[in-house]
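For the sequence shown, the working numbering gives the first residue as 594, with consecutive numbering after it. To start, the structure itself, in structure tokens.
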Amino acid sequence: MKVTVGPQGVIVCLVALFALIGFRRGTKRELVVLAGIALASLIANTQLEFLTVWVNRFYKIAMFVAKGGLSEDLGSVSLGSLEPLVQTNNDSTWLAVTAYAVIVILSYLVGQRGIKGSPARSERVLGGLIGGVNGFLINRFIYPRVFPVNRTHVAIMSGQVSDALTGNSLLPLVLVGLVMILVVYGVRGSSRSSGNG
């Protein structure tokens, strides 16, 4: 018997994996990652041209040095003759994915190293929820760029349904969810401190 899993199944499995990781790490660490995801999305979506210029500069300098540009024979290599690393739209896509991944991985490491102690059970449950959101946001950014597909566009008559299905309406929902998580976390923390005092 052959079992195949479609793209939605892969996304659900990855979100579940991130939820499990969030459950193990706790709320505070996962909130650090959520902030890292927001920063990574901002940089990868708005600062790609800036990144491209600097990546190409550093790449040319490294290739200049590697090909003997600092040796006594200066005539063999010229900095202007070197090809840039990022040239095509595909190169730009991979640069955006790489920048995004590096920032997200660094936020995982900062959360793991910066926040000491093991989380309580309620922090684990909330961490699992935030981890699932983190997994969804990471997949939403990376999956369409790494595995582009031809899409069929369907015209929907209702403006509200159309707005709900577009990517622009997801950000307010995520922000509302984040506020709700922070409120639950704050209420839980205040009830704990009032119970101790």
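The C-beta atom is built at its ideal place from N, Cα and C for all residues, glycine as well.
Cβ neighbours of GLY724 in the same chain (closer than 6 Å, five flanking residues each side left out): Along the sequence shown, one-based indexing puts residue 724 at 131. Sequence-distant Cβ neighbours of GLY724 in its own chain, meaning closer than 6 Å and more than five residues away, are PHE611, ALA612, ILE614, GLY615, GLU623.
Outcome for ILE698 when other beta-carbon atoms lying within 10 angstroms are tallied against a minimum of 16: Position 105 of the sequence shown, counted from the start, is the residue given in the question as residue 698. ILE698 should be labelled exposed.
Counted within 10 angstroms of its Cβ, other Cβ atoms place LEU702 as buried (16 or more) or exposed: What you label residue 702 is simply residue 109 of the sequence shown in a count that begins at 1. In the assembly as shown, LEU702 is an exposed residue. Its beta-carbon has fewer than 16 other beta-carbons within 10 Å.
Whole-Å CB distance - GLY619 paired with GLY707, under 8 Å assumed: Working through the sequence shown from its first residue, we reach residue 619 at position 26. Working through the sequence shown from its first residue, we reach residue 707 at position 114. Not a contact, Cβ separation roughly 12 Å.
Residues of its chain near ILE604, where Cβ-Cβ distance is below 7 Å and the 5 sequence neighbours each way are ignored: Walking along the sequence shown from the start, residue 604 turns up at place 11. Cβ neighbours of ILE604 beyond the five flanking positions: ASN732, TYR736.
VAL688 vs LEU632 beta-carbon contact at 9 Å: Taking the first residue of the sequence shown as position 1, residue 688 is located at position 95. Taking the first residue of the sequence shown as position 1, residue 632 is located at position 39. Sequence inspection shows Leu at residue 688; the Val mentioned does not correspond to that position. Taking 9 Å as the Cβ cut-off, LEU688 and LEU632 do not qualify as a contacting pair.
Buried or exposed by the 16-neighbour rule on C-beta atoms within 10 Å, applied to VAL776: Taking the sequence shown and counting its residues from 1, one reaches residue 776 at position 183. Result: exposed.
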